[in-house]
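Counting in this note's numbering, the final residue of the sequence shown is number 458, and the numbers go up one at a time with none missing.
Using N, Cα and C, we set each Cβ at its ideal position, and we do this for glycine too.
On a predicted model such as this, the values are computed, not experimentally measured, just so you know.
Data first, discussion second: the structure below is written as structure tokens.
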Amino acid sequence: MARHGLDAVLTRVAGIVGSPHVVVDPEVTRPYTVDWTGRFHGTTPAVIRPGSVEELAEVVRVCAEARVAIVPQGGNTGLVGGGVPLEGELVLSTRRLTALGEVDEIAGQVTAGAGVAISALQERARAAGLEYPVDLAARDSATVGGTIATNAGGLHVIRWGGTRAQLRGIEAVLADGSVVRHLGGLPKDNTGLDLAGLLCGSEGTLGVVTAARLALVPRLPERVVTLVGFEDLRAAVAVVARVRRGLSCLNAAEVFFADGLALVCEVEGLREPFGRSWPVYVLLEASDHDDPTERMSSALAAAGVTGDVAVGTDARTRAELWAYRERHTSAINTLGPPHKLDLSLPLPMLPDFIARLPEVVARHAPSARTWLFGHIGDGNLHVNITGTAPDDEEVDDIIFRMVASCGGSISAEHGIGTAKKRWLHLNRSAAEVRAFRRIKRALDPVGILNPNVLLPPE
Ligand code: FAD
Ligand code: MLT
Ligand code: ZN
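Here is the structure:
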């Protein structure tokens, strides 16, 4: 669009949200144009920060009329380059939509604005004796809207499911500026299509989420975290499967490896947990109304655990054990922008898949390093590759094809964004992608909502 046309749009937008909320200073807009990893960059003429759903709807209406593309953005913690303006789009920030309702203790639900941080939502739920079960290391910045748009998974999926499982209703602005609102939260409501379910995981391509009705779970005050060292991954996978069967209050089953732990300890100045290094580490967390420590240790003994075990029953020790796992993301980022391949694999295939990786990476990117960690209970492996150029996708290509040939997914929880759209066909048939395109065209005929993510060019 010609500059004067864009200026006219920004003038109209400033009339809606107020000039201070149309940010054009490149120094201030810069952080909105680079993703968390530093791998994906773009530019934007302006960041727009509406303060209400009405303002946001008006802004979208003006942009639709003028055919100006928009990228919705929440906390900008996404890891697939989906929330940054890759082709000069306007950034529509939801960070001012921070209304957070009182917890409905009878329904066990709360209504939260799209810009509410996950940690703020968790705090509100806890104060009412409840818990928002979606949890992730980015909790202080990731927003309700962003986690819905990506259908974020996180650390507790084995027990409570991911974001879609908590969604009881949604308010969103569609590409023509109309508002769809269904926030009643009825657990049973079969009155037509599930728009909340459709928008969840749509990565800002079908609508801008402005608020959501979310289910909460009971707060289970007694908690134990256990870190176990293993000689090999096959043994770890077998133990996790047995513990899951024997311990119904298990919240999390996470994995990391010796080199990742060493990096985390070096970057964070932490001491390694045991007197010796183990090739594989599994972190397990359980919580219940009464202390699950004994049950955890019986489950581990019954599963045949023989390696070192560290147990955290108080808040400080639990946090120390979690730090070894949660700080992988930031520690790896200190080595330069990684390629983040967030994969799902059938669990029995995980050990062989991992065993093949070093040779594959060494052959195609000899100077690269591979870092592995993830949510072992879900078969969700985070493969991080450092030491390759941001746009060198040869290794990504080979690994995604390996995953697809094992019946796995190229995106377990981070989404497709821009990072993976050229490989969507590995997991989705031509008929499915055609259906995605038809839905996109029906809801966004002009193509103004996040036009450069999820779907590859036709
Ligand atoms: P953004 O990054 O701002 O946006 C992400 C996508 O959602 C973009 O496509 C954007 O256009 C769209 N979007 C944002 N807000 C809206 C809205 N209101 N309406 C419509 N579309 C919108 N992810 C996991 O799944 N599990 C993890 O365990 C996990 N751990 C992480 C740990 C760290 C340290 C970091 C940095 C990231 C982690 N992530 C994880 C990734 C990230 O936090 C999630 O993808 C999260 O859902 C993004 O939320 P956000 O508010 O930052 O969204
Ligand atoms: C995690 O599980 O820690 C996140 O998904 C972030 C990442 O993959 O780096
Ligand atoms: Zn993850």
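Count Cβ pairs between the region 253 to 272 and the region 297 to 309 that sit closer than 8 Å; are there 3 or more?
Result no; under three Cβ-Cβ pairs closer than 8 Å.
Assuming Gly101 and Thr111 are in contact, meaning their beta carbons sit under 8 Å apart, how far apart are those beta carbons, in whole angstroms?
Numbered from its first residue, the sequence shown carries residue 101 at position 101. Numbered from its first residue, the sequence shown carries residue 111 at position 111. With 8 Å as the limit, Gly101 and Thr111 qualify as a contact, their Cβ atoms being about 4 Å apart.
Label Ser344 either buried or exposed according to how many other C-beta atoms from any shown protein chain fall within 10 Å of its C-beta, with 16 as the threshold for buried.
As a working mapping, residue 344 is identified with position 344 in the sequence shown. Per the 10 Å Cβ criterion, buried.
Might you give, ordered along the chain, the residues of its own chain that have their beta carbon closer than 7 Å to the beta carbon of Arg96, omitting 5 neighbours on each side?
The count along the sequence shown starts at 1 and reaches residue 96 at position 96. So the list reads Arg49, Pro50, Gly51, Gly115, once near-sequence residues are dropped.
Check whether the Cβ of Asp135 lies closer than 8 Å to any heavy atom of the ligand ZN, and answer yes or no.
Residue numbering aside, residue 135 sits at position 135 when the sequence shown is read from its first letter. The answer is no for Asp135.
Short of 8 Å in beta carbon distance, which residues of its chain neighbour Pro45, apart from the five on each side in sequence? Order them along the chain.
As a working note, residue 45 is residue 45 in the sequence shown. Once the five neighbours on either side are set aside, the close Cβ partners of Pro45 are Leu6, Leu10, Val24, Gly88, Leu90.
Keeping to the same chain, check which residues put their C-beta closer than 8 Å to that of Gly75; ignore five residues upstream and five downstream.
Position 75 of the sequence shown, counted from the first residue, corresponds to residue 75. Answer for Gly75: Arg95, Ala117, Ala138, Ser141, Ala142, Thr143, Gly146, listed in chain order.
Where in the region 393 to 442 do unbroken runs of the alpha helix (DSSP H), each at least 4 residues long, occur, reported from the N-terminal end onward?
You should have 394 to 405.
Return yes when at least one heavy atom of the ligand ZN lies under 8 Å from the C-beta of Asn380, else no.
Looking up residue 380 in the sequence shown gives position 380. Checking the Cβ of Asn380 against the ligand ZN gives yes.
Could you name the residues that DSSP lists as bridge partners for His218?
On the sequence shown, residue 218 is found 218 positions in, with the first residue counted as 1. The displayed chain sequence assigns Pro, not His, to residue 218. Bridge partners of Pro218: Leu130.
Does any heavy atom of the ligand FAD sit closer than 8 Å to the C-beta of Gly153?
For the purposes of this step, residue 153 is identified with residue 153 of the sequence shown, where counting begins at 1. Flag set: Cβ of Gly153 near the ligand FAD.
Please classify Asp342: does DSSP put it in a helix, a strand, or coil?
Here residue 342 is taken as the residue at index 342 of the sequence shown, counted from 1. In the structure shown, Asp342 sits in a strand (DSSP, three-state: E or B).
Determine the closest residue to Ser297 out of Gly246, Ala323, Ala331, with distance taken between C-alpha atoms.
As a working note, residue 297 is residue 297 in the sequence shown. Of the candidates Gly246, Ala323, Ala331, the one whose C-alpha sits nearest the C-alpha of Ser297 is Gly246.
If you follow the beta strand (DSSP E) that Asp288 is part of, which residue opens it and which one closes it?
The residue given as residue 288 occupies position 288 in the sequence shown. 280 to 288 is the span of the beta strand (DSSP E), which, as asked, contains Asp288.
From Arg316, Val311, Glu268, Glu222, pick the residue whose C-alpha is nearest to that of Asp291; which is it?
For this step, residue 291 is matched to residue 291 along the sequence shown. Checking every option, the nearest Cα to that of Asp291 belongs to Glu222.
Would you check if the distance between the CB atom of Leu455 and the CB atom of Arg438 is smaller than 9 Å?
Residue 455 sits at position 455 when you count from the first residue of the sequence shown. Residue 438 sits at position 438 when you count from the first residue of the sequence shown. Contact: no.
Do Glu203 and Ile416 have their CB atoms nearer than 9 Å?
Looking up residue 203 in the sequence shown gives position 203. Looking up residue 416 in the sequence shown gives position 416. Closer than 9 Å, so yes.
For Gly78, count neighbouring C-beta atoms within 10 Å of its own C-beta (all shown protein chains included) and say buried if the count is 16 or more, exposed if not.
Locating residue 78 in the sequence shown gives position 78, counting from the first residue. The residue is buried, with at least 16 neighbouring Cβ atoms inside 10 Å.
Just checking Gln73 against the ligand FAD - is the residue's beta carbon closer than 8 Å to any of the ligand's heavy atoms?
In the sequence shown, residue 73 corresponds to position 73, counting from 1. At least one heavy atom of the ligand FAD is nearer than 8 Å to the Cβ of Gln73, so yes.
Can you list, in chain order, the residues of its chain whose CB lies under 6 Å from that of Ala69, leaving out five sequence neighbours each side?
Against the sequence shown, residue 69 aligns to sequence position 69. Excluding positions up to five away in sequence, the list reads Glu89, Ile448, Pro451.
Are Ile148 and Val209 touching if we call contact CB-CB under 9 Å?
The sequence position of residue 148 within the sequence shown is 148, counting from 1. The sequence position of residue 209 within the sequence shown is 209, counting from 1. Contact: yes.
Relative to the alpha-carbon of Val59, which residue among Ser330, Val179, Asp194 has its alpha-carbon at the smallest distance?
Locating residue 59 in the sequence shown gives position 59, counting from the first residue. Answer by Cα proximity: Val179.
For Ser93, name the three-state secondary structure that DSSP assigns.
Within the sequence shown, residue 93 is the residue found at index 93, counting from 1. Here Ser93 sits in strand by DSSP.
Cβ of Leu155 within 9 Å of Cβ of Ala241?
Counted from its first residue, the sequence shown places residue 155 at position 155. Counted from its first residue, the sequence shown places residue 241 at position 241. Not in contact: Leu155 and Ala241 (Cβ atoms no closer than 9 Å).
Please state the DSSP three-state secondary structure of Gly169.
Within the sequence shown, the letter at position 169 stands for residue 169. DSSP places Gly169 in strand when its eight states are reduced to three.
Taking Phe40 as the reference, which of Asp391, Ala435, Ser429 has the closest Cα?
Walking along the sequence shown from the start, residue 40 turns up at place 40. Nearest C-alpha to Phe40: Asp391.
Could you tell me the alpha carbon to alpha carbon distance between Glu458 and Ala389, rounded to whole angstroms?
Taking the first residue of the sequence shown as 1, we reach residue 458 at position 458. Taking the first residue of the sequence shown as 1, we reach residue 389 at position 389. Whole-angstrom Cα-Cα distance: 26 Å.
Quick test of your reading: Lys340 and Asn384, contact by CB under 8 Å. State the CB separation rounded to the nearest angstrom.
Locating residue 340 in the sequence shown gives position 340, counting from the first residue. Locating residue 384 in the sequence shown gives position 384, counting from the first residue. That pair is a contact at about 6 Å.
Under 8 Å by Cβ, that's how I've got Arg168 and Ala125 pegged, so tell me the actual separation to the nearest angstrom.
On the sequence shown, position 168 is the one that residue 168 refers to. On the sequence shown, position 125 is the one that residue 125 refers to. Not quite, the Cβ-Cβ distance comes to about 14 Å (not below 8 Å), so this is no contact.
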